[in-house]
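Residue numbering for the sequence shown is 272 to 502, as defined by the UniProt record's numbering.
Where a beta carbon is used, it is the ideal one built from N, C-alpha and C, also for glycine.
The structure displayed is predicted, hence computed values, not measured ones.
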Amino acid sequence: AEEALINSEKLSVAGQMAAGIAHEIRNPLASLKGFSQLLKTKFDKHHDYLDIMLTELDRINGIVQEFMALAKPQAHEFYGNHDVAKIIKSVMTLLETQAVMNNVQINLSIISDSTVTRCDENQIKQVFINLLKNAIDAMPLGGEVDIDLALAPQRNDSLAITITDHGVGIPKEQLEKLGGPFYTTKSSGTGLGLMICNRIIAAHHGSISFTSELGTGTSVTVVLPVISKLN
Ligand code: ADP
Numbered sequence: 272a273e274e275a276l277i278n279s280e281k282l283s284v285a286g287q288m289a290a291g292i293a294h295e296i297r298n299p300l301a302s303l304k305g306f307s308q309l310l311k312t313k314f315d316k317h318h319d320y321l322d323i324m325l326t327e328l329d330r331i332n333g334i335v336q337e338f339m340a341l342a343k344p345q346a347h348e349f350y351g352n353h354d355v356a357k358i359i360k361s362v363m364t365l366l367e368t369q370a371v372m373n374n375v376q377i378n379l380s381i382i383s384d385s386t387v388t389r390c391d392e393n394q395i396k397q398v399f400i401n402l403l404k405n406a407i408d409a410m411p412l413g414g415e416v417d418i419d420l421a422l423a424p425q426r427n428d429s430l431a432i433t434i435t436d437h438g439v440g441i442p443k444e445q446l447e448k449l450g451g452p453f454y455t456t457k458s459s460g461t462g463l464g465l466m467i468c469n470r471i472i473a474a475h476h477g478s479i480s481f482t483s484e485l486g487t488g489t490s491v492t493v494v495l496p497v498i499s500k501l502n
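Next up, the structure:
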């Protein structure tokens, strides 16, 4: 097993600028989509081309939206006391259809009396959506994903949330690329999911790390301070 610690240094100034540009791209993109849809209603003959255009426009839109998520404020006022177990359960509900469609069963085990942390609920939700989606994507034949929530080993000021899949795994030369922008092995991936996780967890003074074995599966551990230093 190999371990790669994703650190916040990977988030470059270029990434921040790109998030700004993404914002500017949104309006012209919306008008392109609108007119393509209009054309589709007018020209029967070119439906195929227009469908491709609309699919590709949606793809650009997906990338832009993920960048916008990167640009979102991480201001202090968004932080509150939230139950991480509750957040994870809501994410499980959100992804239930996707899991069932892929024959994936998600199990949650909680071995901590308190699972409350000071955090931005929506941002932490986004982290677990991204990580769980990756776990599901990693198991094309289905299987089980285990989520373990416990106090971080040897410390009682942090929660450790480990998501273990039994999927394709990550080659060790690719482990260190995780969290860099646009690194993806998926045909419809953006390679921004882990970058967003990385940024959110860094803002919460937490950490995120991976262990993986090719053909066996991957474990992602997110450590979150129970009381954020931002408080
Ligand atoms: P995306 O999902 O759009 O590709 P991510 O940043 O979420 O973007 O992931 C980047 C890449 O990391 C994925 O394309 C995949 O190759 C790899 N990866 C992430 N999580 C896992 C996992 N649980 N198992 C195997 N590979 C993974």
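6 Å CB neighbourhood of residue i in its chain, flanking five on each side removed
i, result
"I377", "M363, A370 and V416"
"F349", "D391"
"K395", "The sequence shown places Ile at residue 395, rather than the Lys named in the question. Counting only Cβ-Cβ distances below 6 Å, and skipping sequence neighbours, we find I358."
"S279", "The predicted model places S279 with a pLDDT of 40, which falls under 50 and marks its position as unreliable; any figure quoted below should be read in that light. Taken in chain order, the residues that qualify are A473."
"L366", "L403"
Residue i in three-state terms, based on DSSP
i, result
"R426", "coil"
"F338", "helix"
"A272", "Residue placement at A272 is flagged as unreliable, the pLDDT there being 39, under the threshold of 50; the coordinate-derived value follows with that caveat. Coil at A272, not helix or strand."
"residue 229", "Lying before the first or after the last residue shown, residue 229 is absent from the chain, which here runs from 272 to 502."
"H294", "helix"
"D329", "helix"
"residue 546", "Residue 546 lies beyond the residue range present for the chain, which begins at 272 and ends at 502; the question has no answer from this structure."
"D319", "helix"
"S385", "coil"
"L366", "coil"
"M288", "helix"
DSSP beta-bridge partners of residue i
i, result
"C390", "G351"
"N373", "Its beta-bridge partners do not exist; DSSP assigns none."
"L379", "I418"
"V494", "A431 and S478"
"E484", "G488"
7 Å CB neighbourhood of residue i in its chain, flanking five on each side removed
i, result
"G413", "N373, N374 and V375"
"D354", "T386 and V387"
Sub-7 Å separation of residue i and residue j beta-carbons
i, j, result
"L449", "L463", "no"
"L490", "T455", "Going by the sequence as given, residue 490 is Ser instead of Leu. Contact: no."
"V387", "N352", "yes"
"I479", "V497", "no"
"E484", "G440", "yes"
"L420", "I472", "no"
"D436", "G477", "no"
"I296", "V335", "yes"
"L303", "L328", "yes"
"M339", "A301", "no"
"L495", "L430", "yes"
"S383", "L422", "yes"
"N405", "C468", "no"
"L309", "L321", "no"
Residues of its chain near residue i, where Cβ-Cβ distance is below 8 Å and the 5 sequence neighbours each way are ignored
i, result
"M288", "none"
"R330", "S459"
"A356", "L379, I381, T386 and L420"
"G486", "V439 and G440"
"P424", "A431"
"F453", "T461, G462 and L463"
"F314", "L321"
"P299", "none"
C-beta neighbour in chain C for residue i, strict 7 Å
i, result
"S480", "Annotation note: the requested chain C is absent from the structure, which comprises a single protein chain."
Kindly provide the ranges of any beta strand (DSSP E) runs that are 3 or more residues long and lie completely inside the region 416-477, ordered along the chain. 429-436
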